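Protein chains in written order, with this note's numbering: chain A, 1 to 152; chain B, 1001 to 1152; chain C, 2001 to 2152; chain D, 3001 to 3152.
There are 4 protein chains.
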Amino acid sequence: MNNAFRWPIRIYWEDTDAGGIVYYANYLKFMERARSEWLRSLGIEQTELKEREGLMFVVVRAEVDFRTPARYGDLLQATCEVAESRRASLTFKQDIVRGIENAGADPAADSGVLVTGRIRIACLDVEKFRPRSMPEAMLQEIAGWRKSLNDG
Amino acid sequence: MNNAFRWPIRIYWEDTDAGGIVYYANYLKFMERARSEWLRSLGIEQTELKEREGLMFVVVRAEVDFRTPARYGDLLQATCEVAESRRASLTFKQDIVRGIENAGADPAADSGVLVTGRIRIACLDVEKFRPRSMPEAMLQEIAGWRKSLNDG
Amino acid sequence: MNNAFRWPIRIYWEDTDAGGIVYYANYLKFMERARSEWLRSLGIEQTELKEREGLMFVVVRAEVDFRTPARYGDLLQATCEVAESRRASLTFKQDIVRGIENAGADPAADSGVLVTGRIRIACLDVEKFRPRSMPEAMLQEIAGWRKSLNDG
Amino acid sequence: MNNAFRWPIRIYWEDTDAGGIVYYANYLKFMERARSEWLRSLGIEQTELKEREGLMFVVVRAEVDFRTPARYGDLLQATCEVAESRRASLTFKQDIVRGIENAGADPAADSGVLVTGRIRIACLDVEKFRPRSMPEAMLQEIAGWRKSLNDG
């Protein structure tokens, strides 16, 4: 996980609820932000993917464990790792962790994991709303990123 | 205001923030729900308006006073009145009030007004994103509704 | 599932995203609304539970399959069934289904299931944020409701 | 406006609606983020203000003009300027502008203004929910910031 893509998330009032903590569904927003930014970091803009290729991504499954609540003002990170890659779907392992500096060498020591998720997205044809393979260049981009993570 | 269209709004956790009250931007969601339901009550479905007529509504101005906060569990009403009607725009007077039964005869006694708003929406051409007149039938529907309010 | 608690959900603009469909995290809001209303139907107000008993509920795990997207204007139902009940936690089976009238006799015919979820909530002490047993009366209320479902 | 505090806002799917543009109420979230970060830039943490001083801020009035819609993927900025400062309230002039680099010398040339807002917040006693003066140090911090803007 320490080599995962990481994106900072600051908690604002909009994210919290009257229980004093972040409303549970909002962690899924944070995970989506990280996926969008990870794609952007690979040079993939979803708007272009839609206009040029007629493709869009939708989430088909989410499995999320909420361990420790975040609160107003917290500075978190949403991580993003590809756990499984197919031609028309991607499964991400995503965590919400506290702090910027906790990418230590020992994963077990990363005690600041607030939320863990496993999110599967499907690549769909915009018109037919049916699964369609991602473009070859994109699949290679993702494969290359995964390889660099493992090598790193 | 007592003859205004009224739509019930129950406050859930998603609507509140860690201050213990409804997050201010969410009252604008409630007002939009009431506008959608008011249009629906006139037989106007925005999806059909888009597909058949190539028209959509966007909010161009919002003026909102937040007087008294709502909290989790409250049962409110969002009201909807047309304050001004033009060919390509509508200005609504909208309140968020407490309780279902407070449509008394004396407006001054309606002490349960939590939020008051004045919202202007424009009718746009979906493609050009430019103002375009609402369909004649819709304008007449709205004029008829306003007349019935004043007569009632 | 046909005997499950059901709560109507109308889709507004706030619920959708630029993909033209309901934003995935928002289905978790709908499920929370159904849980809140199910508790309310049992005479349990979460605000009172917090003030009188010092208890609150938090979601600790969510497992959600997004099968078919909902769109602006759709009238859905969020269902709520207790799959597992312990002293300090409840696991719900929750679906988002299309239409009001699809509670037919044949579950297999209930083809309008858009989203299925399994949501676990924990009962926490408000101060210590540690698991604490629900009040005995509440546990009995829930057991009674489950029995009536099976008998029904 | 060119000297105003500026905070970057990236548009994600969560911010948009099925009209293909940012949902109108969400611009008020962006403005709140900018106000939170502006306070943070002055060394004021709202959580501490609540715990140490028993003070919180609530929005009492919002006046917003929505001129040009933002879309998924846009990189915007939310600005924050103090238009009026009293002992127990602050009125902000806030814009949502496109791009990071458009803080040119000529305000009239700043054509990338999508949304303009005027937001008034009140400082409240957390217990009584009544207006209370901000701490003297905070008022001076704000006065100093405003002076530095005008001098700059």
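By construction, the Cβ of each residue, glycine as well, lies at the ideal position given by its N, Cα and C atoms.
None of these values were measured; they are calculated from a predicted model.
Would you say residue i faces chain A, with C-beta separation under 8 angstroms as the test?
i: residue 1016 of chain B; result: yes
i: residue 1025 of chain B; result: yes
i: residue 1104 of chain B; result: The predicted position of residue 1104 of chain B is uncertain, since its pLDDT is 48 and thus under 50; a value taken from the coordinates is nonetheless stated next. Not an interface residue.
i: residue 2115 of chain C; result: no
Going straight from the alpha carbon of residue i to that of residue j, what length do you get?
i: residue 3031 of chain D; j: residue 3087 of chain D; result: 22 angstroms
i: residue 2040 of chain C; j: residue 65 of chain A; result: 26 angstroms
i: residue 5 of chain A; j: residue 60 of chain A; result: 21 angstroms
i: residue 1140 of chain B; j: residue 1115 of chain B; result: 30 angstroms
i: residue 3106 of chain D; j: residue 2017 of chain C; result: Note that residue 3106 of chain D scores 48 on pLDDT, short of 50, meaning its location in the model is unreliable; the coordinates nonetheless yield the value given after this. Cα-Cα distance, rounded: 36 angstroms.
i: residue 10 of chain A; j: residue 84 of chain A; result: 28 angstroms
i: residue 1126 of chain B; j: residue 3021 of chain D; result: 11 angstroms
i: residue 2130 of chain C; j: residue 1124 of chain B; result: 53 angstroms
i: residue 1089 of chain B; j: residue 132 of chain A; result: 41 angstroms
i: residue 3082 of chain D; j: residue 3147 of chain D; result: 11 angstroms
i: residue 1113 of chain B; j: residue 1036 of chain B; result: 21 angstroms
i: residue 13 of chain A; j: residue 3058 of chain D; result: 11 angstroms
i: residue 2008 of chain C; j: residue 77 of chain A; result: 35 angstroms
i: residue 71 of chain A; j: residue 1051 of chain B; result: 43 angstroms
i: residue 1033 of chain B; j: residue 1079 of chain B; result: 10 angstroms
i: residue 3149 of chain D; j: residue 1003 of chain B; result: 49 angstroms
i: residue 2001 of chain C; j: residue 3028 of chain D; result: Summary for residue 2001 of chain C: the model assigns pLDDT 48, below 50, so the residue's position carries little reliability, and this model does not support an answer.
i: residue 1015 of chain B; j: residue 3097 of chain D; result: 27 angstroms
i: residue 1143 of chain B; j: residue 2092 of chain C; result: 48 angstroms
i: residue 75 of chain A; j: residue 3019 of chain D; result: 32 angstroms
i: residue 1063 of chain B; j: residue 1117 of chain B; result: 6 angstroms
i: residue 3135 of chain D; j: residue 3047 of chain D; result: 14 angstroms
i: residue 1099 of chain B; j: residue 1026 of chain B; result: 18 angstroms
i: residue 55 of chain A; j: residue 2068 of chain C; result: 17 angstroms
i: residue 43 of chain A; j: residue 2024 of chain C; result: 24 angstroms
i: residue 1145 of chain B; j: residue 1049 of chain B; result: 19 angstroms
i: residue 2045 of chain C; j: residue 3138 of chain D; result: 39 angstroms
i: residue 1122 of chain B; j: residue 3119 of chain D; result: 23 angstroms
i: residue 3053 of chain D; j: residue 3094 of chain D; result: 27 angstroms
Can you check whether the C-beta of residue i is within less than 8 angstroms of a C-beta belonging to chain D?
i: residue 1022 of chain B; result: no
i: residue 1138 of chain B; result: no
i: residue 1007 of chain B; result: no
Taking C-beta pairs closer than 9 angstroms, name the residues in chain A that residue i reaches, listed in chain order.
i: residue 3047 of chain D; result: 71, 72, 73
i: residue 3036 of chain D; result: 10, 12, 13, 72, 73
Is the CB of residue i under 8 angstroms away from at least one CB in chain B?
i: residue 3095 of chain D; result: no
i: residue 2032 of chain C; result: yes
i: residue 3060 of chain D; result: yes
Where do the ends of the beta strand (DSSP E) carrying residue i lie?
i: residue 1010 of chain B; result: 1005-1010
For the alpha helix (DSSP H) that contains residue i, what are its first and last residues?
i: residue 3139 of chain D; result: 3136-3151
i: residue 2050 of chain C; result: 2046-2053
Sort out for me which residues DSSP pairs residue i with in a bridge.
i: residue 3031 of chain D; result: BP columns for residue 3031 of chain D are empty, so no partner.
i: residue 3121 of chain D; result: D/3059, D/3090
i: residue 2085 of chain C; result: C/2090
i: residue 996 of chain B; result: For residue 996 of chain B there is no data in the structure shown, the boundaries of chain B being 1001 and 1152.
i: residue 1064 of chain B; result: B/1117, D/3062
i: residue 1022 of chain B; result: B/1016
i: residue 131 of chain A; result: A/124
Residue i versus chain C: which residues are under 8 angstroms apart at the beta carbon?
i: residue 151 of chain A; result: What residue 151 of chain A touches in chain C: nothing, since even the nearest Cβ is about 33 angstroms away.
i: residue 66 of chain A; result: 2058, 2059, 2060, 2061, 2062
Would residue i pass as an interface residue toward chain C - the criterion being a Cβ-Cβ separation below 8 angstroms?
i: residue 1029 of chain B; result: yes
i: residue 3019 of chain D; result: yes
Identify the contact partners of residue i in chain D, using a Cβ-Cβ distance below 7 angstroms as the criterion.
i: residue 1134 of chain B; result: Per Cβ cutoff of 7 angstroms: no residues; residue 1134 of chain B is ~16 angstroms from chain D at best.
Just to make sure I have the definition right: I need the residues of chain A whose C-beta is within less than 7 angstroms of the C-beta of residue i. Which are they?
i: residue 2063 of chain C; result: 63
How would you list, in chain order, the residues of chain D whose beta-carbon sits under 9 angstroms from the beta-carbon of residue i?
i: residue 1092 of chain B; result: Simply none; closest approach about 13 angstroms.
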